[in-house]
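Residue numbers (UniProt numbering): 1 to 221. All C-beta atoms in this analysis are idealised placements derived from N, C-alpha and C, irrespective of residue type, glycine included. All values reported here derive from a predicted model rather than from experimental measurement. Let me begin by presenting the structure, written as structure tokens, before commenting on it.
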């Protein structure tokens with residue numbers, strides 16, 4: 001009886017102690033380190049940094065590590081923070097989803113596999129609105145090549161996001177819903193950058209990302 005009561009209690013107390021004394025301070029240090037890297041890529045590498053950040057984001061999403069950037073976004077959207085509330089990172093990362101949508105459109109147009117067409121058709125609309133997981137886990141990631149071409153193509157949107165100095169004033173949405181949080185007056189530039197990501201993902205996937213043998217292996221004839 002006592003064991004049933006005290007074991008969970010002690011586990012909770014120890015867990016809280018570890019979280020407050022070790023994990024939270026360590027998280028602060030790690031967050032600061034990540035911010036320094038991202039800030040360097042944006043400010044010092046310019047359009048190359050924009051390309052790298054956008055092209056490298058989908059692999060983070062695929063393993064769930066993009067959630068680790070939430071404290072960074074919170075810091076950037078803080079009016080008293082280093083960027084006075086303007087998050088210049090999020091618009092660049094949003095372009096990753098655009099590259100994947102472009103890849104999906106290329107697959108839909110080029111493949112003759114009806115099962116794959118149906119999956120892509122159902123995944124693209126939500127991808128446009130910023131929910132890229134269905135397209136990623138059901139199509140691009142299993143096929144391999146389209147995932148790579150989507151990443152590389154999304155870098156075009158990242159470059160444009162840097163050139164246009166895009167920023168957001170909040171977080172929590174992606175895709176075309178990013179227009180809702182974009183800095184007022186930059187909406188047209190946001191759309192142009194996203195279209196650039198679509199185009200990059202589409203072109204690279206259409207010409208280099210379609211492997212018909214892999215498609216037949218994954219989805220049948």
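Can you check DSSP and say which residues form a bridge with residue i?
i	result
residue 182	168
residue 87	168
By the DSSP assignment, the alpha helix (DSSP H) with residue i in it spans what residues?
i	result
residue 174	Residue 174 -> no alpha helix (DSSP H), and no H or E assigned at all.
residue 226	No statement about residue 226 is possible, as the shown extent of the chain runs from 1 to 221 and does not include it.
residue 157	145-163
residue 73	70-76
Applying the criterion that 16 or more other CB atoms from any shown protein chain within 10 Å of the CB defines a buried residue, is residue i buried or exposed?
i	result
residue 32	exposed
residue 19	exposed
residue 80	exposed
residue 37	exposed
residue 91	buried
residue 202	buried
residue 212	exposed
residue 17	exposed
Look up residue i in the DSSP assignment and say whether it is helix, strand or coil.
i	result
residue 39	helix
residue 7	helix
residue 18	helix
residue 59	helix
residue 192	helix
residue 109	helix
residue 81	coil
residue 210	coil
residue 46	coil
residue 215	helix
residue 32	helix
residue 13	helix
residue 220	coil
residue 92	helix
Would you say residue i touches the ligand SAH, meaning its beta carbon is less than 6 angstroms from a heavy atom?
i	result
residue 157	In terms of ligand content, the structure shown is empty, and the ligand SAH therefore cannot be addressed.
Report task. For the stretch 159-176 and the stretch 42-54, state whether three or more C-beta atom pairs, one from each stretch, are separated by less than 8 angstroms. Result -> A contact is defined here as three or more CB-CB pairs under 8 angstroms, and the stretch 159-176 meets this definition with respect to the stretch 42-54.
Query - Three or more C-beta pairs below 8 angstroms linking the stretch 145-154 and the stretch 174-190 - result: With a cut-off of 8 angstroms, the stretch 174-190 and the stretch 145-154 do not count as touching, because too few Cβ pairs lie within range.
Query - Cβ contact (3+ pairs, closer than 8 angstroms) linking the stretch 64-82 and the stretch 112-123 - result: Judged by Cβ distances under 8 angstroms, the stretch 64-82 makes no contact with the stretch 112-123, as fewer than three pairs qualify.
Query raised in the report: Per the contact definition of three or more C-beta pairs closer than 8 angstroms, is the stretch 133-140 in contact with the stretch 169-177?
Result: No: the two stretches stay apart, fewer than three of their Cβ pairs being nearer than 8 angstroms.
Query raised in the report: Do the stretch 8-22 and the stretch 110-121 touch if we need at least three Cβ pairs shorter than 8 angstroms?
Result: Output reads no: the stretch 110-121 does not touch the stretch 8-22.
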